[in-house]
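The structure under discussion appears below in the form of structure tokens.
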Amino acid sequence: RTRRSETLSCPPWLPGYMRAPASTADAVRDACRATLEDYASVAEGYARGNLNHDVSQNIDALLRPLAGLQAPLDILDVCSASGRDLVAFTQLGHRAVGLDGVPAFCRMSREASGCEVWEQDLCALDLPAERFDGIFCNACLFHLPRAALPGALASLRHALRPHGVLFVSNAHGFGQDKEGWTDGRTATTRSYVCWLSEETWLATCEAAGLSLLDKFYRPPGRPRAHQPFLATVWRKE
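Quick note: the sequence shown, position 134, residue 150 per the working numbering, numbers continuous.
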């Protein structure tokens, strides 16, 4: 669902992990609903905690392949949470639109950035055709069940203009595909996660009609064993 901080430990270390892939439509909806509820339960604190998190490397990775286009670019910030990155894109001179499934995050994003923000669930996206030059999915799509990824990627691709660019930073599986539940941010909530290997993630995006431009692991400057996020940059074919 929603923008997650790139401060996760390696997936096998996360508390309460239980392998339980959501493979049916009902299970996918339950996974998305529960994860939204988990973030909604701590929305204010989560937003404050991530307000100064540096994702400039990721923003640059999205914008670099679009450098040949005249600004302002139209950018969709998926799972905009506090509105931190909407502010960054706007300050760079672009037209940014936010999207989030948590009502409190939508309100925060609008108030912080002055941008339009759509309230939508990742597993039920309804996006306009060819509206955006770039789409920014920072630390959020790994909350989608694997069964829902083809549909979500198809919706994101649909919303890109010809030769548009998609950026995704995902918690990855360190060479394995892992999917299921983790403990939530409160004693009564839980969160769904899908950590895919690099090989599986690349194949999933290529099958969605996307062409890889760049990939790197995050946070920068750490040994690979302490880089739990895989960032990938894609061009709409």
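No residue lacks a Cβ here, since even glycine has one placed at the ideal position from N, Cα and C. As the structure is a computational prediction, the values presented were derived from the model and not from experiment.
Query                                                                                                                                        : Result
May I have the straight-line CA-CA distance separating P239 from A47, to the nearest angstrom?                                               : 32 Å
Less than 7 Å between C-beta atoms, sequence neighbours within five positions excluded: which residues of the same chain meet that for N74?  : N154, F183, S185 and A247
Three-state secondary structure (DSSP) at V118?                                                                                              : coil
Could you check what DSSP says for P28 in three-state terms: helix, strand or coil?                                                          : Low local confidence applies: a pLDDT of 42 at P28 is under 50, so the model's placement there is unreliable, with the coordinate-based value given in what follows. P28 falls in the helix class under three-state DSSP.
With which residues is S227 paired in a DSSP beta bridge?                                                                                    : R251
Just verifying my parser: in three-state terms, what is the DSSP assignment at R201?                                                         : coil
Could you give the C-beta distance for A187 and F105, rounded to a whole number, given that I count them as a contact under 8 Å?             : Their Cβ separation, rounded to whole angstroms, is 23 Å, which puts A187 and F105 out of contact at 8 Å.
Is it right to say S98 is buried, meaning 16 or more other beta carbons lie within 10 angstroms of its own, or is it exposed?                : buried
Does the distance between the C-beta of D193 and the nearest non-hydrogen atom of the ligand FAD fall short of 7 Å?                          : No copy of the ligand FAD occurs in the structure displayed, which carries no ligand at all.
Which value, in whole angstroms, describes the spacing of the CA atoms of D230 and L212?                                                     : 18 Å
Give me the residue from D93, C131, Q107 and R162 with the minimum Cα distance to F148.                                                      : D93
Please check the pair A168 and L138, which I expect to be a contact at CB under 8 Å, by giving their CB distance rounded to whole angstroms. : 6 Å
How many whole angstroms separate the CB atoms of S57 and T202, which I take to be in contact at a CB cut-off of 8 Å?                        : 5 Å
What do you reckon, are the CB atoms on A241 and A38 nearer than 8 Å?                                                                        : no
Which first and last residues belong to the beta strand (DSSP E) in which V184 is found?                                                     : L176 to A187
For C210, which beta-bridge partners are listed by DSSP?                                                                                     : E195
Would the beta-carbon of S227 fall within 8 Å of that of R206?                                                                               : no
Determine the burial state of R20: buried for a count of at least 16 other Cβ atoms within 10 Å of its Cβ, exposed for fewer.                : Note on R20: pLDDT 46, under 50, position unreliable in the model; the coordinate value appears next. Per the 10 Å Cβ criterion, buried.
Quick one: using the 10 Å Cβ neighbour count with 16 as the cut-off for buried, is S72 buried or exposed?                                    : exposed
Using three-state DSSP, classify N74 as helix, strand or coil.                                                                               : helix
Any idea which residues DSSP pairs R35 with across the strands?                                                                              : G196
Go to N66, then tell me how far its beta strand (DSSP E) extends in each direction, as first and last residue.                               : Where N66 is concerned, there is no enclosing beta strand (DSSP E), although the alpha helix (DSSP H) it sits in stretches over A59 to N66.
Between the segment 57 to 66 and the segment 214 to 224, do at least 3 Cβ pairs fall closer than 8 Å?                                        : no
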